[in-house]
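Chemist: Mind looking over this structure? Questions follow.
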Amino acid sequence: MDVSEDERSAGSAADPVCTAQLSTVANGQPVTADIACHTLLIDFLREEVGVRSARRSCDVQLCGSCSVLVDGLPVSSCCYLAVDVDKKSVLTAEGLRGLEDADPIYTALENAFVEHAAVQCGYCTPGFMVTLWFLIEGGHLTPGTTHEELRTLLKGNLCRCTGYEPILAAASAAVGALAGARGDGA
Ligand code: FES
Ligand code: FES
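The sequence shown: position 106 = 120 (the working numbering), numbered continuously.
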């Protein structure tokens with residue numbers, strides 16, 4: 015990140031303007047942009063990258079509807095500065111979905127969410143998909159993971175309408191399907 019030395023010349027002493035040049039890879043595409051230093055990652059992704067899956071809801075890192083992966087780790091983009099993804103990679107649900115042909119995890123999740131009717135309003139769904147993709151890819155979910163354990167693993171993602179049971183069932187089904195496809199006894 016290059017912070018401009020004349021960054022404050024555009025603002026008054028009472029209203030300083032800090033700008034920075036950001037270079038990142040968002041959903042596989044290199045992106046370079048001049049942004050205000052206080053720009054939040056969710057705003058950068060929605061306004062500069064065209065992302066729609068990261069959604070603002072609580073704005074205080076409670077609900078997970080804005081979840082994205084930064085260098086493979088889930089973060090709440092509503093409370094994460096865009097400058098902190100400089101020289102890092104960002105993956106959103108769109109990016110994961112783009113991997114569909116090559117990566118079985120997103121496909122298994124998508125199929126299971128449809129099969130178990132785990133989407134009602136759908137506002138929270140991309141955040142759940144991002145978190146579940148991370149948990150499965152990292153080996154944190156197994157066919158033996160109980161719904162009680164799943165609730166704990168998913169405590170950073172809130173769904174306000176489905177009561178969670180269909181989401182938990184879908185997550186378990188996806189893990190089972192993936193294990194079955196690998197032939198490791200789901
Ligand atoms: S909008 Fe970011 S955690 Fe709720
Ligand atoms: S599907 Fe409506 S809040 Fe999650």
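Ideal Cβ placement from N, Cα and C applies to all residues, glycine included.
Note that the structure is predicted; figures quoted are calculated from it, not measured.
(1) On the three-state DSSP scale, how would you describe Ile181?
(2) So for Thr156, helix, strand or coil by DSSP?
(3) Which whole-angstrom value is the C-beta distance of Val97 and Ala34, which I expect to be below 8 Å?
(4) Does any heavy atom of ligand 4 sit closer than 8 Å to the C-beta of Cys175?
(5) So, with DSSP's three-state summary, where would you put Asp48?
(6) Could you check whether Leu172 and Leu149 sit closer than 9 Å to each other, using their CB atoms as the reference points?
(7) Quick check: Gly141 and Cys93, are their CB atoms within less than 9 Å of each other?
(8) Can you give, in chain order, each stretch of the alpha helix (DSSP H) that sits fully within the stretch 46-119 and has at least 4 residues?
(9) Among Leu87, Ile181, Gly194, Asn125, whose alpha-carbon lies nearest the alpha-carbon of Glu162?
(10) In whole angstroms, what is the alpha-carbon distance linking Ala191 and Gly109?
(11) When the distance is taken between beta carbons, is Leu59 closer than 9 Å to Val104?
(12) For Thr145 and Cys32, what's the separation of their Cα atoms in angstroms?
(13) How long is the line joining the alpha carbons of Thr38 and Thr106, rounded to whole angstroms?
(14) Kindly indicate which residue of Gly152, Gln134, Gly197, Asp198 has the alpha-carbon position closest to the one of Glu179.
(15) Looking at the structure shown, is Ala131 part of a helix, part of a strand, or coil, going by DSSP?
(16) Of all the options Ser91, Gly112, Gly86, Asp48, which has the alpha carbon lying nearest to the alpha carbon of Leu76?
(17) State the start and end residues of the unbroken beta strand (DSSP E) segment that holds Thr33.
(18) Quick one: using the 10 Å Cβ neighbour count with 16 as the cut-off for buried, is Val65 buried or exposed?
(19) So what's Trp147 in DSSP terms, helix, strand or just coil?
Modeler: Result, derived from the coordinates:
(1) In the structure shown, Ile181 sits in a helix (DSSP, three-state: H, G or I).
(2) coil
(3) 5 Å
(4) Among the ligands in the structure shown, ligand 4 does not appear; only ligand 1 and ligand 2 can be found there.
(5) strand
(6) Leu172 is positioned such that its CB atom lies no closer than 9 Å to that of Leu149.
(7) No, the Cβ-Cβ distance between Gly141 and Cys93 is not below 9 Å.
(8) 55-58, 107-112
(9) Ile181
(10) Their Cα atoms are separated by approximately 22 Å.
(11) The answer is yes: Cβ separation under 9 Å.
(12) 32 Å
(13) Looking at the two C-alpha atoms, the distance is approximately 13 Å.
(14) Measuring from the Cα of Glu179, the nearest candidate turns out to be Gln134.
(15) coil
(16) The residue with the shortest Cα to Cα distance from Leu76 is Ser91.
(17) Counting along the chain, the beta strand (DSSP E) containing Thr33 begins and ends at 33-40.
(18) By the C-beta density criterion, Val65 is buried, having at least 16 other C-beta atoms within 10 angstroms.
(19) helix
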